[in-house]
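In what follows, a single structure is set out as structure tokens and then discussed.
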Amino acid sequence: MRGIPFSALLGMTVTALFFLAALLAPWIAPYGMAEIVGDVWEPASADFWLGTDNLGRDLLTRMIYGGQTTIFVASMATAVSFCLGSILGFTAAVYGGLTDQVMSRVNDLVMSIPTLIFALVVLSVMPVTLPVLILVMGLLDSTRVFRLSRAVAVDINVMDYVEAARLRGEGQRWVIFREILPNALSPLVAELGLRFIFAILFISTLSFLGLGIQPPEADWGGIVKENREGIVYGIPAALIPAVAIVTLSISVNLVADWALNRTTSLKGGRGG
Amino acid sequence: MHPVLKLVIQRLALGLLLLIAASVLIFVGTQILPGDVAQAVLGQNATPEALANMRAQMGLDQPASSRYFQWLFNALHGDLGTALSNGRDIATAIGGRLKNTLFLASVAAAISVPTAIFLGLLAVRYRDRWPDKLISAVTLTSISLPEFLLGYVIMYVFSVQLGWFPSVSNINSGMSLWQKLNAVALPAMVLTLVVLAHMMRMTRAAILNVMQSAYIETAELKGLRRFTIIARHAMPNALAPIVNVVMINLAYLVVGVVVIEVVFVYPGMGQYLVDHVSKRDVPVVQACGLIFATVYIGLNLLADIISILSNPRLRHPK
Amino acid sequence: MADTLLDIRNLRIEATVYAPGEKPRNAVIVDDVSLSLERGKVMGLIGESGAGKSTIGLAALSYGRGGIRLTGGEVLLNGRQIRGASSATLRSLRGKEVTYVAQSAAAAFNPAKKLMEQVIEATLHHGVLSQAEAEARAVELFRTLSLPDPENFGKRYPHQVSGGQLQRAMTAMALCPKPDLVIFDEPTTALDVTTQIDVLAAIKTAIAETGVAALYITHDLAVVAQVSDEIMVLRSGKMVEHGSVQQIIEAPREDYTRALVSVRQIDHAEKAPAAEPLLRAENVTARYGAMSKDVLSNVSVELYAGQTLALVGESGSGKSTMARVITGLLPPRAGEITFDGKPLPRALKDRSRDELRELQMIYQMADVAMNPRQTVATIIGRPLEFYFGLRGRARDERVQELLDAIELGQGFADRYPAELSGGQKQRVCIARALAAKPKMIICDEVTSALDPLVADGILKLLLDLQAREGVAYLFITHDIATVRAIADSIAVMYQGRVQRYGTKTEVLAPPFDDYTDLLLSSVPEMEIGWLERVLSSRKMASAGN
Chain A
831 MRGIPFSALL GMTVTALFFL AALLAPWIAP YGMAEIVGDV WEPASADFWL GTDNLGRDLL
891 TRMIYGGQTT IFVASMATAV SFCLGSILGF TAAVYGGLTD QVMSRVNDLV MSIPTLIFAL
951 VVLSVMPVTL PVLILVMGLL DSTRVFRLSR AVAVDINVMD YVEAARLRGE GQRWVIFREI
1011 LPNALSPLVA ELGLRFIFAI LFISTLSFLG LGIQPPEADW GGIVKENREG IVYGIPAALI
1071 PAVAIVTLSI SVNLVADWAL NRTTSLKGGR GG
Chain B
1380 MHPVLKLVIQ RLALGLLLLI AASVLIFVGT QILPGDVAQA VLGQNATPEA LANMRAQMGL
1440 DQPASSRYFQ WLFNALHGDL GTALSNGRDI ATAIGGRLKN TLFLASVAAA ISVPTAIFLG
1500 LLAVRYRDRW PDKLISAVTL TSISLPEFLL GYVIMYVFSV QLGWFPSVSN INSGMSLWQK
1560 LNAVALPAMV LTLVVLAHMM RMTRAAILNV MQSAYIETAE LKGLRRFTII ARHAMPNALA
1620 PIVNVVMINL AYLVVGVVVI EVVFVYPGMG QYLVDHVSKR DVPVVQACGL IFATVYIGLN
1680 LLADIISILS NPRLRHPK
Chain C
13 MADTLLDIRN LRIEATVYAP GEKPRNAVIV DDVSLSLERG KVMGLIGESG AGKSTIGLAA
73 LSYGRGGIRL TGGEVLLNGR QIRGASSATL RSLRGKEVTY VAQSAAAAFN PAKKLMEQVI
133 EATLHHGVLS QAEAEARAVE LFRTLSLPDP ENFGKRYPHQ VSGGQLQRAM TAMALCPKPD
193 LVIFDEPTTA LDVTTQIDVL AAIKTAIAET GVAALYITHD LAVVAQVSDE IMVLRSGKMV
253 EHGSVQQIIE APREDYTRAL VSVRQIDHAE KAPAAEPLLR AENVTARYGA MSKDVLSNVS
313 VELYAGQTLA LVGESGSGKS TMARVITGLL PPRAGEITFD GKPLPRALKD RSRDELRELQ
373 MIYQMADVAM NPRQTVATII GRPLEFYFGL RGRARDERVQ ELLDAIELGQ GFADRYPAEL
433 SGGQKQRVCI ARALAAKPKM IICDEVTSAL DPLVADGILK LLLDLQAREG VAYLFITHDI
493 ATVRAIADSI AVMYQGRVQR YGTKTEVLAP PFDDYTDLLL SSVPEMEIGW LERVLSSRKM
553 ASAGN
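The listed protein sequences derive, respectively, from chains A, B and C.
To get the working numbering, take the position in the first sequence, counting from 1, and add 830.
To get the working numbering, take the position in the second sequence, counting from 1, and add 1379.
To get the working numbering, take the position in the third sequence, counting from 1, and add 12.
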């Protein structure tokens, strides 16, 4: 753990706590997920640490289960976007020529339509289920991963050491996995963090618009939607997910920043 | 022909091509995906006759390509079709709403652009000192929140707790400009915060990039004042990247509008689009999607063209 | 002394170093350096990279780049202490009393402004001359610096003129406000050798005509000998020796100075051509992608086993393209390449593993020629594994043998490239090439990124290895001194053609064709008065004009 700055350690710890809470939701949540346990919008008390929601369910329980759904969907979408985006990006960079041209232009085209608008267009005809949501989010976001991993790989691909490997007669597998990938890892890890945050924000937005996770399942965006009426009466239940989202995304950001800084210091590390 | 003119024309042609391709994509997204539109509209319990009628009415029995050209042709003539859910003309419904949306977006842009550039300059001037760090921390937080949540936080503070502005942004043509501005104050504030963060960070990066150039050192070694250096040597070179940043963020703002309109129940395009996605009203979604994509592509195109025009290497060829 | 212009006493300069994975630490860059410069004199500051010479130059403007701080000693300019002076004081003397000429004028000019505006900016700012007077002076300076069309030169933008012209424009910019002192920071290093000589001559004329004093910073002793009155030799931030040009060149007192003076005087006896060449290129013509012009046209050369063929030329001569054609990275449009008696397939992908093994390559920038994520053992071991199937202990032993052969010895196998010095990196690259047991190695400018003494070491190593292993070198370089040191035969390349070709003695002996004469005569020699002698005896004007 030596050499890791405090901010990155803090980010890692908090992020880990969020994932742990998501995994252990059924064991740590005080009540059942959809169980009505009190009055509508009860204030915080010893029984209900965060109060109750618009139907009288425990908000802490909803937040924990909501975190489970949100984090699960976001992780899956990130996994889809990453696998697809980085493999295609590397392929485009290493093969170059026409392959690269076609893939890059198609990617430009998909990116020319704002992600949210594209998602809304697709979700207007597709059934809103978990696999569809994960796929739509993952596919749309993979365009950004594609662009980054292609750019990184193109930069590395012109390095003399890659040329040296080619002159030696190495195959594409060695070039991609042994020469390019180890040097592309840091920026990709940083990007992984940013994509994950984006996925959290995106699924929350969709749920808030009523086009994401469907009730009675809990998720952070949905909790805002369910409790939004309370705001005008001065009941801040709808704002609780804000705290969770901000904490999680700042934590992930801190880790991503550190990963990115490691890359730059590696590049400038001549003779160090 | 002047090479810059040639480049600009090329970019415009490319933008047009992109727009056409985007329209195909939107069309494909709604028509060829496995979901059956007629089924989606009528629900699972529809009779086969009703489904067949619906398909004929929507022209679904014709091949996709001819439907696409029909749709595009009509759209280019201002005919966006009729909404499935209520049978009203889409173009009429969109007209007023588009104006409202553009009004909200322009108010947000008018506040955020100058503020972002000012804060960006401030952050560069006090680089790595407390004003820079404070600005970075605030912007990091606001980037970490989805727009709609920021909307409710602001609504809770400024409308519910302080009572300064209405929580619901009703707007109609009978209102005076001042009344309208009062109505959109909160949504405009949220949008400003959302784009401000990105715009300020990107402006800061663009200026820093210029300030680290060797020619800034040259100017410093001529004994020029800091202000003169920034005004005379940094600005002409930083302008293009900053304008680029502004354009990209305005494009982003247009999308942010969608969610914010829902939060503040604002009668604009975004609200209209989201409502009809839930109702699975495909023609409306297509029309709105096309308009949003056009604005977005247009602004990005403008950013490109401005950076071509401001490049001295292109403007004064060898 | 009344006419002392710049007086630096016991100067100490420190900087904060941000090494990866470590806490920022303080490093002393310049320690206890003193110098004094009289009005109208030129002092050369010479040293290898990291000697602190640029830092001292900027200290005369009381300016520190990045995190560099002047922490001790005195800097007196015109009798006034300027170290730690207020920014208002510094502003009043920068650009008026002292001016600066940077190594890369291309980056130092603002791309958005016309040259004239930038050249006279400081003059107007300090109120030295009126607008009309300043412009007239600028035109006069353009003429002195033999810039083309001096009346209209200032109306152009920086990107519209060549690198050598920009460097001269920057000199005009520095001289325009009639300063007392100009700092020249490696003003000719980035230029081609035939351009360098013109810029050097222009600078020398301008200094003489304006009577300005100058600090001339460079790593090339031969260059500084042409323009300076006295020379200070620096190493790792400390002064090694200080004296007149004549004393430093003809009677250096310190060992380090002696080494610098005698650099590139390696000589080796030329071998006679054998009957059958190892590599024969016949009428090779090549171009990149969709370019409409050939980069190489009808190039024919031969290289004999165990010998060295030097391809010499300036940037754009096509010498590096020739390397790409031979390695198969760029299949030629026409012509044939025979290797070891058999025709070599044109494209890389059609070559057999043995053909690839027998032809290895060493690059100019050793930094980027090695994967930063691999250890030295992996870098050298991979060819052993790949070509000979060596694994485990057998591989490790062979790696150590190779490390011994490049004089690095124990303890290097587990290091990463970032932990090696520039010379060590290049040695590892040589070991990687040797690991394949090649018949021929292409050396692409392998010494030009290195300091002269380190470069000498690499050249000696290459010669040793050739004597021991019998490997042939195709040596690509722009540096004639290197060619003299290592070549058996030479091909002079100019605009994609072979201008002159033969054994070393043939090529380097008169009568010369015009280009070869220009190229050979442009290489600075460590001799006072060389510049004047050469300029008066030239046949062809350089490409810079």
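All C-beta atoms in this analysis are idealised placements derived from N, C-alpha and C, irrespective of residue type, glycine included.
Computed from a predicted model, the values in this text were never measured in an experiment.
Asked: Beta bridge counterpart(s) of C/Q372 as assigned by DSSP; Found: C/I453
Asked: Under the three-state DSSP convention, the category C/Q559 falls into; Found: Because chain C here runs from 13 to 557, residue 559 of chain C falls outside it and cannot be looked at.
Asked: Residue from C/I492, C/T515, C/D192 whose Cα sits closest to the Cα of C/L530; Found: C/I492
Asked: Cβ distance (whole Å) where C/L547 is taken to contact C/A213 below 8 Å; Found: 6 Å
Asked: Status (buried if at least 16 other CB within 10 Å, exposed otherwise) for C/Y300; Found: exposed
Asked: Min CB distance A/S875 to chain B below 9 Å; Found: no
Asked: Strand pairing of C/I20, partner residues [DSSP]; Found: C/L47, C/V87
Asked: DSSP-derived helix/strand/coil call for C/K53; Found: coil
Asked: Enclosing alpha helix (DSSP H) for A/L889 [first to last residue]; Found: 889-925
Asked: Reduced DSSP secondary structure (H/G/I, E/B, other) of C/P522; Found: coil
Asked: Any non-hydrogen atom of the ligand COA within 8 Å of B/L1396 CB; Found: No copy of the ligand COA occurs in the structure displayed, which carries no ligand at all.
Asked: Where C/Q372 falls, given that 16 or more other Cβ within 10 Å makes a residue buried; Found: buried
Asked: CB contact check: A/N884 to chain B, cutoff 9 Å; Found: no
Asked: Pairwise C-alpha distance: A/F878 and B/N1453; Found: 57 Å
Asked: 9 Å Cβ cutoff, C/T111 in contact with chain B; Found: yes
Asked: Cβ-Cβ distance between A/G886 and A/D1049 below 9 Å; Found: no
Asked: Cross-chain neighbours of C/M382 in chain A, by beta carbon under 9 Å; Found: D990, Y991, A994
Asked: Proximal residues, the region 248-282 of chain C versus chain A, C-beta separation under 7 Å; Found: none
Asked: Pairwise C-alpha distance: B/A1613 and B/V1622; Found: 14 Å
Asked: Residue nearest to C/S309 in terms of C-alpha spacing, selected from C/G347, C/L127, C/I68, C/S48; Found: C/G347
Asked: Extent of the continuous alpha helix (DSSP H) to which B/Y1631 belongs; Found: 1614-1642
Asked: Contiguous alpha helix (DSSP H) assignments of at least 4 residues, all confined to the region 940-999 of chain A; Found: 945-953, 960-987, 990-998
Asked: Burial state of C/Q319 (16 or more Cβ within 10 Å); Found: buried
Asked: Buried versus exposed call for C/V29 [16 or more other C-beta atoms within 10 Å across all chains shown]; Found: exposed
Asked: Segments of 4+ residues assigned as alpha helix (DSSP H) that fall wholly inside the region 252-330 of chain C; Found: 257-262, 267-273
Asked: Whole-angstrom distance between B/L1570 and B/V1589, CA atom to CA atom; Found: 28 Å
Asked: Partners in chain A for C/P395, counting only beta-carbon separations shorter than 8 Å; Found: R998
Asked: Same chain only: Cβ atoms within 7 Å of C/M13, ignoring 5 sequence neighbours per side; Found: Residue placement at C/M13 is flagged as unreliable, the pLDDT there being 46, under the threshold of 50; the coordinate-derived value follows with that caveat. Cβ within range, chain order: n/a, list empty.
Asked: Euclidean distance between Cα positions of B/S1464 and B/V1642; Found: 23 Å
Asked: First and last residue of the uninterrupted alpha helix (DSSP H) at C/V236; Found: 233-239
Asked: When B/L1529, B/M1648, B/V1633 are compared against B/S1485, the one with the closest alpha-carbon; Found: B/V1633
Asked: Short CB-CB distance (under 9 Å) between C/Y513 and chain B; Found: no
Asked: Proximity of C/D463 and C/S174 at Cβ, strictly below 9 Å; Found: no
Asked: Contact set between B/L1575 and chain A, taken where Cβ atoms lie within less than 8 Å; Found: In chain order: nothing, as chain A lies at least about 17 Å away.
Asked: Candidates C/A447, C/A119, C/M244, of which the one nearest C/L417 by Cα; Found: A quick correction: the sequence has Ala, not Leu, at residue 417 of chain C. Ranking the options by Cα distance to C/A417, first place goes to C/A447.
Asked: Contact with chain A by B/L1375, beta-carbon distance below 9 Å; Found: Limits of chain B in this structure are 1380 at one end and 1697 at the other, which puts residue 1375 of chain B out of reach.
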